[in-house]
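Only one structure is covered here, and it is reproduced in the block below.
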Amino acid sequence: FENITQLKQDYLDAGNPVISMDTKKKELLGTFYRNGSLYTQAAIQTNDHDFPSSATGSVIPHGFYDLKRNTGYITLGTSHDTSEFACDSLFQWWVNEGIIHYPKAKSLLILCDGGGSNSSRHYIFKEDLQKTANALGLEIRIAHYPPYTSKYNPIEHRFFPHVTRACEGVVFDSVETVKTLISRTSTSKGLTTIVHILDKIYETGRKYAADFKEIMPIVFDTHLPKWNYRAIPQE
Numbered sequence: 003f004e005n006i007t008q009l010k011q012d013y014l015d016a017g018n019p020v021i022s023m024d025t026k027k028k029e030l031l032g033t034f035y036r037n038g039s040l041y042t043q044a045a046i047q048t049n050d051h052d053f054p055s056s057a058t059g060s061v062i063p064h065g066f067y068d069l070k071r072n073t074g075y076i077t078l079g080t081s082h083d084t085s086e087f088a089c090d091s092l093f094q095w096w097v098n099e100g101i102i103h104y105p106k107a108k109s110l111l112i113l114c115d116g117g118g119s120n121s122s123r124h125y126i127f128k129e130d131l132q133k134t135a136n137a138l139g140l141e142i143r144i145a146h147y148p149p150y151t152s153k154y155n156p157i158e159h160r161f162f163p164h165v166t167r168a169c170e171g172v173v174f175d176s177v178e179t180v181k182t183l184i185s186r187t188s189t190s191k192g193l194t195t196i197v198h199i200l201d202k203i204y205e206t207g208r209k210y211a212a213d214f215k216e217i218m219p220i221v222f223d224t225h226l227p228k229w230n231y232r233a234i235p236q237e
């Protein structure tokens with residue numbers, strides 16, 4: 003935690019972006035009951051069981067929270083939560099938001115937990131991250147939170163609870179409905195939210211290139227290397 007605190011301060015002092023990253027749970031699309039209450043002119047009829055076979059699709063909200071600007075960015079995926087999806091979401095955030103607000107940035111710090119699509123143990127995430135750094139021409143530093151401490155990740159308490167509240171009680175009948183609802187996420191302290199739909203199909207079970215571990219350009223820190231590393235853009 004001391005390492006992450008120092009990294010955050012160093013990046014913010016240098017004018018470089020610090021974002022917190024995570025994925026909310028997959029939601030089924032269809033007339034399914036959802037927790038919460040809202041005012042309506044008549045009762046809304048919903049299914050009493052959320053069987054996947056009754057769904058018209060699903061949506062995966064992948065989020066970023068910009069610590070300096072108090073801004074949330076959600077990418078709504080309609081396929082699978084994979085490392086490629088996480089890195090495509092990062093690419094979208096940078097070209098739509100990051101580069102506009104941080105045009106002089108030399109490096110980007112991402113705070114995230116150590117599991118899921120951005121697992122600290124999986125080389126496929128590191129390979130996709132390196133491809134993203136190459137495509138953006140931007141150094142990307144990853145700082146994973148230790149196991150069982152994801153609740154300390156800023157996105158978990160500064161952004162996602164407000165997203166949940168904005169969607170309470172409303173039926174997710176389409177991905178467009180989800181986008182509209184999440185876009186309204188805001189707070190009295192100035193939190194704003196931008197939402198983008200990414201309907202690309204992602205393959206599960208992808209393997210990293212056979213020679214990636216041998217030629218991997220990822221630079222690991224000497225202190226806690228499995229949780230702290232950089233993807234430096236290659237020519």
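By the count of the numbering used here, the sequence shown reaches residue 237 at its end, each step adding exactly one.
Even glycine gets a Cβ: it sits at the ideal position worked out from N, Cα and C.
This one's a predicted model, so the numbers in the text were calculated from it and none came from an experiment.
- By the criterion of at least three beta-carbon pairs nearer than 8 Å, the stretch 88 to 103 is not in contact with the stretch 210 to 219.
- Bounds of any alpha helix (DSSP H) do not take in Phe161, whose DSSP letter is neither H nor E.
- Pairing Ile142 with Ile220, the inter-Cα distance amounts to about 10 Å.
- DSSP places Ser22 in the uninterrupted beta strand (DSSP E) bounded by 20 to 25.
- Here the alpha carbon of Phe161 sits roughly 14 Å from the alpha carbon of Ser152.
- For Phe87, the enclosing alpha helix (DSSP H) begins and ends at 85 to 95.
- Annotation for Asp68: the continuous beta strand (DSSP E) segment containing it runs 59 to 68.
- By the criterion of a C-beta distance shorter than 7 Å, Tyr125 is surrounded in its chain by Tyr210, Phe214, Lys215, once the five residues flanking it on both sides are discounted.
- For Leu131, the uninterrupted alpha helix (DSSP H) segment begins and ends at 125 to 138.
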